[in-house]
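Chemist: Please find one structure pasted underneath; my questions will follow.
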Amino acid sequence: MPGRFILTIHLTISMQKIRLLTDKIISKLMLLFTVASVSLLFVIGIGLYYKSIPILNKLSWWQLLGSSVWKPFKGLFGFFPYIMGTLWVTGIAIAIALPLCILTSLYIVEYAPSRLRRFLMPFVNLLSGIPPVIFGVWGVLFIIPLIQRYIAPHFVEYSTGYSVLAGGIVLAVMIFPLIVSIVNEVLRTMPQELKDASLALGATKWETIKKVILRKALPGIIAATVLAISRAFGETIAVLMVCGNNAIVPHSVFDTGYPLPALIANNYGDMMSIPLYDSALMFAALLLFIIILLFNIISRVILTRLERRMAG
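Below, the structure written as structure tokens:
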């Protein structure tokens, strides 16, 4: 009996050591995978910068970013129209999508009957599974004629319909399910006690939503907007099909535009015999990478300060 007891103790100690060792190995592996995932961001940035060195050695950052002249055969690469085209399309998309997404999420969470709610959310999520090229075809067949025949004549003398407005509308539909899903989850996490307290003080349901729920959910809404903008910056095929792809600086929503992702998708693989052309496209990718990275960093800082202010 004492021998069995001692053997049992030794086995228990051995099993405990094995479990601790296994836990330590898994912990180190998780740390390794985390560092590798974070390092991937730097690897992409360094790779794009390395490929952009030939054009950076010939032209300064100011010449590349501030010039509107795009003449690859003469070695002139001005990215200003492409940057502005990207900002116009993304800005229009967010301006259209964000109010609609917030109102849709509020209706689904606060007003819709449970049976209708169970139908609406899968339908909204279904939009995120549609390939981007389908949105592009829809934009060409419906949005562009709508702008050309019914919207643009009230504001400009003539428009083909291919414009940053068309790109913004198509992109707004594409990011709609992303924002709605995140905002919907944020609104569901709102404490019921806050709503009950507001209603008990005599506030109407809309006043409770406007002054209590939306204020509390503001950080989550900002986070959803940041994710949507990051996706909008990099969208290619659908925007390429409806923006007109004309390298000019847009001055109104009815002007054509040429976003950076469309520039890369349209030209990579073609005209590579032109000196510096490959490097110019890699610089366009680096520029898009930097814009998205800076936007996310600035948004994260704003969001952190907002959360601290609300917590205080």
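Numbered per my numbering, the sequence shown finishes at 326, counting up by one with no gaps. Even glycine gets a Cβ: it sits at the ideal position worked out from N, Cα and C.
Below 9 Å between beta carbons: does that hold for E124 and L215?
Modeler: Going by C-beta atoms, E124 is not nearer than 9 Å to L215.
Chemist: Between F94 and V263, how many whole angstroms is the CB-CB distance? I'm expecting something under 8 Å.
Modeler: Going by Cβ atoms, the distance from F94 to V263 rounds to 7 Å, so yes, they are a contact pair.
Chemist: If you draw a straight line from the alpha carbon of K65 to that of F303, how long is it in whole angstroms?
Modeler: Taking the straight line joining both Cα atoms gives about 14 Å.
Chemist: So is N71 buried or exposed if we call it buried at 16+ other beta carbons inside 10 Å?
Modeler: Under this definition N71 is an exposed residue.
Chemist: Kindly list the residues whose CB is nearer than 6 Å to the CB of A186, restricted to its own chain and excluding five residues on each side of it in sequence; keep chain order.
Modeler: Answer for A186: A107, I110 and A111, listed in chain order.
Chemist: Our contact map puts C357 next to S177 with C-beta atoms below 8 Å; I'd like the distance itself, whole angstroms only.
Modeler: There is simply no residue 357 to check, as the chain begins at 15 and stops at 326 in what is shown.
Chemist: What is the rounded straight-line gap between the Cα of L35 and the Cα of L241?
Modeler: Taking the straight line joining both Cα atoms gives about 39 Å.
Chemist: Per DSSP, which one or two residues make a beta bridge with F91?
Modeler: In DSSP, F91 forms a bridge with W84.
Chemist: Measure the Cβ-Cβ separation of K328 and T222 and say whether it is below 9 Å.
Modeler: Look at the range of the chain in this structure, 15 to 326, and you will see that residue 328 is not part of it.
Chemist: Quick check: the Cα distance between F87 and I58, rounded to an integer number of angstroms?
Modeler: Their Cα atoms are separated by approximately 28 Å.
Chemist: Going by C-alpha to C-alpha distance, which of S74, T203, F268 and F247 sits closest to I278?
Modeler: Closest option to I278, Cα to Cα, is F247.
Chemist: Sort I227, T203 and R33 by Cα distance to S212 and report the nearest one.
Modeler: Taking only the C-alpha atoms, the option nearest S212 is I227.
Chemist: How would you label M29, buried or exposed, when you count the other beta carbons within 10 angstroms and need 16 or more for buried?
Modeler: The residue in question, M29, is exposed, as its Cβ has fewer than 16 Cβ neighbours within 10 Å.
Chemist: In chain order, what residues of the same chain have a beta carbon less than 6 Å from the beta carbon of V147, not counting five sequence neighbours either side?
Modeler: Only I251 meet the Cβ criterion.
Chemist: First and last residue of the alpha helix (DSSP H) that includes V354?
Modeler: Outside the shown range of the chain (15 to 326) lies residue 354, about which nothing can therefore be said.
Chemist: How many Å lie between V49 and I235 at the Cα?
Modeler: Their backbone Cα atoms lie some 29 Å apart in a straight line.
Chemist: At the level of alpha carbons, what is the spacing between F91 and L101?
Modeler: Each residue's Cα considered, the two are about 19 Å apart.
Chemist: Rounded to the nearest angstrom, what separates W75 and F309 at their Cα positions?
Modeler: When rounded, the distance between both Cα atoms is 19 Å.
Chemist: Using a Cβ-Cβ cutoff of less than 8 Å, which residues in the same chain neighbour N139 once the five nearest sequence positions on both sides are dropped?
Modeler: Once the five neighbours on either side are set aside, the close Cβ partners of N139 are P191 and S195.
Chemist: Hey, would you say A166 sits closer than 9 Å to Y172, going by beta carbons?
Modeler: Yes, the Cβ-Cβ distance between A166 and Y172 is below 9 Å.
Chemist: Which one of L130, L117, P289 and R322 has the shortest CA to CA distance from P68?
Modeler: Cα-wise, what sits closest to P68 is P289.
Chemist: Between which two residues does the alpha helix (DSSP H) holding Q9 run?
Modeler: In the structure as shown, the chain begins at 15 and stops at 326. Residue 9 is therefore absent and cannot be evaluated.
Chemist: Is it true that the CB of I243 sits closer than 9 Å to the CB of L104?
Modeler: The question names Leu, but residue 104 in the sequence shown is Thr. Yes.
Chemist: What alpha helix (DSSP H) runs, 4 residues minimum, are completely inside the stretch 221-249?
Modeler: The stretch 221-249 contains these whole alpha helix (DSSP H) runs: 228-248.
Chemist: Would a C-beta distance cut-off of 9 Å place S266 and V170 closer than the cut-off?
Modeler: Cβ distance < 9 Å, so S266 and V170 count as in contact.
Chemist: Across which residues does DSSP place G153 in a beta bridge pair?
Modeler: Answer by DSSP bridge pairing: none, since G153 is not bridged.
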